[in-house]
Amino acid sequence: MLFQSQFYVLVFLPAVTLLYYSVAGSELARQWCLIGASLVFYGWWDARFVILPVTQILATWLLALAHQRTGRRAPLIVGVVVNLLSLGTFKYLDFILGSAETTIGITLPRAHLILPIGISFFSFQLISYLVDRMRGEAPIYPLRPFALFVLLYPHLIAGPIVRHNELVPQFSLDPRREGLWRRIAIGLVIFTIGFGKKVLLADKLGAVVDPLFADARLHALNLGDAWTAVLAFSFQLFLDFSAYTEMAIGSALIFGLILPENFRRPYLATDIRDFWRRWHITLSSFLRDYLYIPLGGSRHGLWRYLLATMVTMGLCGLWHGAGWTFVAWGLWHGVGLATCHGWQRLGRPMPKLAGWVVTMLFVLIGWVVFRAASFGVAGSMLMSLVGEGGAGGALHEIKLLLLAALASALIPSAHEIINGLKNPRPMVSVAGALLAVYCLLEVGTKAPVSFIYFQF
Amino acid sequence: MFWQSAKTDESKAPDWWAFVLLFLGVLVGGAAAIYLFILLVDPYDTVPFSLPIDRRIVSISDRFMYPQIVRSKRFDSLVIGTSTSRLLDPQVLDRSFHVRFANLAMSSAMAWEQKTMLDLFVRTVGPPKVLIVGLDGVWCAQNADRDRITFRGFPDWLYDDNPWEKYLYLFNSGTLEIAGRLVGYHLHLYRERIRYDGYEVFVPPESQYDLVRAHEAIWHNFRPPVHEQRPLTAGELGQLSFPALDWLDAALARFPSTTMTILAFMPVNVAALPSPGTREAEIEAECKQRIVAIGRKDGAKVIDWRFPSPLTQNETNYWDPLHYRVPVATRIAEQLGAAALAGHESDDGSYRFLVH
């Protein structure tokens, strides 16, 4: 089910909300209500998919229980391996086979497994729990709240990636506690902002991006087309993913649950480290805490720092997709982060504007590699950006690009709204509701377009 | 933390409650009012309990607007096809065949879309008195079963027989706009866009015809598909599959003998025909042969305008490689009547009978 579908907005969310609050007095019933709703939400694509997260949750919980009973680390290590194997099998098996085939020159069979939606997200959450158990930082939860921590449908498919200790304690709070109406009001506002960004901007940008990148597979684009494609994709990716996050945070807030911040206007970043503090924050934090720091971080000399950064960012790229272009995108950012780190240690800060320009150019180049179907297309697109495909053509869809730029720069993040919206102004309420009606009408014109990050 | 709430929220609680109430009131009230408006105006004439108003065709979205023409039951005969058949004027055909024609050919329609239109007609009206199938390359596409619709989308919910299901699809800005246009028509603010028999002149007015531009469009702006010179082997020929022809055969086989079926290959300019000797030309020839066999089996007349002829070689007859001019369309419509009813052979070699 998609957040921006009429069915979700007009039927599913209201029905689940009513049911949830009708049983709000019972923690047990509340949790079962959300588990049931989450399974329906996830199984809406294909009911068979439900088996995988449920199995991984059960296996992880049982292994954590075995660790508690035996006091041995082995069950936790097995748990991490099981989750990685699941992710590896469904997401990376054909990629590994393909890469091996290229290396050894022998044709290998392919598994052609369907990628279960959201597998990267729920696998990471389970792994983070197991690692926290190893560190002695995670208790054994009863199965029901543990399952709900992973399954909770607002974040199940594409995050934000939530830690157990951020969410499980919230399940025992009565959603009718003080601040109930403010939470629902702000949930509605944040959801509507995401709804608008997705339907009115991201999907329209997608219609510009897709044919241009398809053309780039056939021939070099002229300067205008190339810049249009790259700028449009840069805005599309941010608006699409942040829209999903906002609809997730808004939905959860209606149930009295708060999910962590995931984006903080990343295209205002003035250096690449700043960018990663604003872009997909929950993934960056996850990689920092479970990969970068264990690898040594920045406290064990230059070479260890470089190794930790490149490995972390290479794997960050691979997490996004089973392809070498994604790895290259991750490594590109690794190089950027290391360079930025070195520059900042020189103690000669770049002027803000220059820093912003350099950062955005760096990010744009990265998005070309991220979006392109192959290195050939990426190379062609990058050459087109400097006029190799002809200096003709002009930037088109300027109005849409301008709107997207304004939305990216000016719309506050979900948590900025949560913390900043203090007064219940009727105008905001009416404007939000009218925007929601408009989006509902727009999304009804055709089948809703899936979110980009669903493929990761 | 916010989710644990703050004391300051308590004093504001009534205001936030009003905020939520206002939000939901505007959302639900606004959506319900718009939905009610759409259902009452019912621009596709498709749901029960709509207002009994005259519903003209106020949009050129043929895939959305044509089902109501069928459901009106005002027509007993039809044309299906793509834009190469859209200019056949039902009024010209009516004069020849003495029936009531609707032209339900749709721009760029895939074979499956055309078949769905025919199915709707047969289920709603019954077997047609006369059916003209304007044949194009889409019927010979070997991936017709996979590529059933175009990027434009196809509202298949308008083509089934469940009126209640349609309530699920009408709440959108496209339908709202067309409903608004229909109200505009009744207020004399908006005009009918397509005649109620489906006929629409989608090419520019004849007064704007410019041979130089047409020549450009036919020979320079048109990028023909790349054709392979490698001939088909006998094995490849035998393995050719045309899924759409199975649909055509199944549709025609159920018609009674009172239905006159005409399978007409429509005339595109020679620039759009596959070059002789190419694989594509061989595939098209094979497809034609199979259509001829269907025509013979199901008692249909098969008439061919799609070959190099004085008509298709003369670029003054065309706006572009695919679309002939309105006077040409009138001539073809008249020729259809003469050929199908009287077995009249072409005077100028512009068409030929493949099955009488």
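Chains U and R, in that order, are what the protein sequence lines are. If you're matching positions, the first sequence starts at 1 in the numbering used here and goes up one per residue. If you're matching positions, the second sequence starts at 1 in the numbering used here and goes up one per residue. Ideal placement from N, C-alpha and C gives every residue a C-beta, glycine not left out.
Counting only residues of its own chain and dropping the five nearest sequence neighbours on each side, S38/U has a CB closer than 8 Å to the CB of L148, L151, L152, Y153, L156.
A check of alpha carbon separations from L382/U across H320/U, L115/U, F213/U identifies F213/U as the nearest. Note that the C-beta distance between I69/R and V133/R is not below 7 Å. Remark: C-beta atoms of N83/U and I127/U approach each other more closely than 7 Å.
For G196/U, there are no neighbours in chain R by C-beta distance under 8 Å, as the nearest C-beta there is about 13 Å away. I418/U is not a Cβ neighbour of I184/U, given a cutoff of 7 Å.
Assigned with DSSP and collapsed to three states, I132/R falls in strand.
Of all residues in the stretch 342 to 364 of chain U, none comes within less than 9 Å of chain R when Cβ atoms are compared. Assignment of M110/R by DSSP, reduced to helix, strand and coil, places it in the coil class.
Nearest neighbour of T192/U by Cα position, chosen from K446/U, Y438/U, G432/U, turns out to be G432/U. Within the DSSP bridge table, the entry for I80/R names V133/R as partners. I190/U sits in a helix when the DSSP states are folded into three classes. Taking 9 Å as the Cβ-Cβ cut-off, the stretch 13 to 26 of chain R approaches chain U at A13, P14, D15, W16, W17, A18, F19, V20, L21, L22, F23, L24, G25, V26, given in chain order. A Cβ-Cβ separation of about 6 Å places Q125/U in contact with V162/U under the 8 Å criterion. Out of G321/U, A232/U, L223/U, the CA that lies nearest to the CA of F90/U is found in G321/U. F3/U has no beta-bridge partner at all, per DSSP. In summary, T70/U is exposed, with fewer than 16 beta-carbon neighbours lying within 10 Å of its beta-carbon over all protein chains present. Taking 7 Å as the threshold, the shortest C-beta distance from G30/R to chain U falls below it. Rounded to whole angstroms, L22/R and A436/U show a C-alpha spacing of 13 Å. When DSSP states are grouped into helix, strand and coil, Y318/R belongs to the strand group. According to the DSSP assignment, F265/R belongs to the beta strand (DSSP E) that extends over 260 to 265. The beta carbon of F154/R does not come within 7 Å of any beta carbon belonging to chain U, so the residue lies off that interface. For R163/U, no beta strand (DSSP E) encloses it, and the DSSP letter there is neither H nor E. With its beta carbon at least 7 Å from every one in chain U, G180/R lies outside the interface. With respect to L322/R, V268/R sits close: the two C-beta atoms are nearer than 7 Å.
Within chain U, the C-beta atoms nearer than 7 Å to that of G174/R come from T445, in chain order. Residues of the same chain with a CB within less than 6 Å of the CB of V270/R, apart from the 5 flanking positions on each side, are P308, T312, Q313 in chain order.
The residue among L237/R, G184/R, V130/R with its C-alpha nearest the C-alpha of D54/R is G184/R.
Between L78/R and F101/R the beta-carbon gap is near 7 Å, inside 8 Å, which marks them as a contact. Approximately 5 Å separates the beta-carbon atoms of L120/R and Y159/R; this is inside 8 Å, confirming the contact.
Under DSSP, F101/R forms a beta bridge with S77/R.
At a cut-off of 7 Å between C-beta atoms, I281/U does not count as an interface residue with respect to chain R. With a threshold of 7 Å between beta carbons, F151/R makes no contact with chain U.
For F171/R, the residues of chain U that pass the 9 Å Cβ criterion are Q6, L10, L440, L441, G444, in the order they occur in the chain. Counting only residues of its own chain and dropping the five nearest sequence neighbours on each side, S298/U has a CB closer than 6 Å to the CB of Y305. Rounded to the nearest whole angstrom, the C-alpha separation of T116/R and L104/R is 11 Å.
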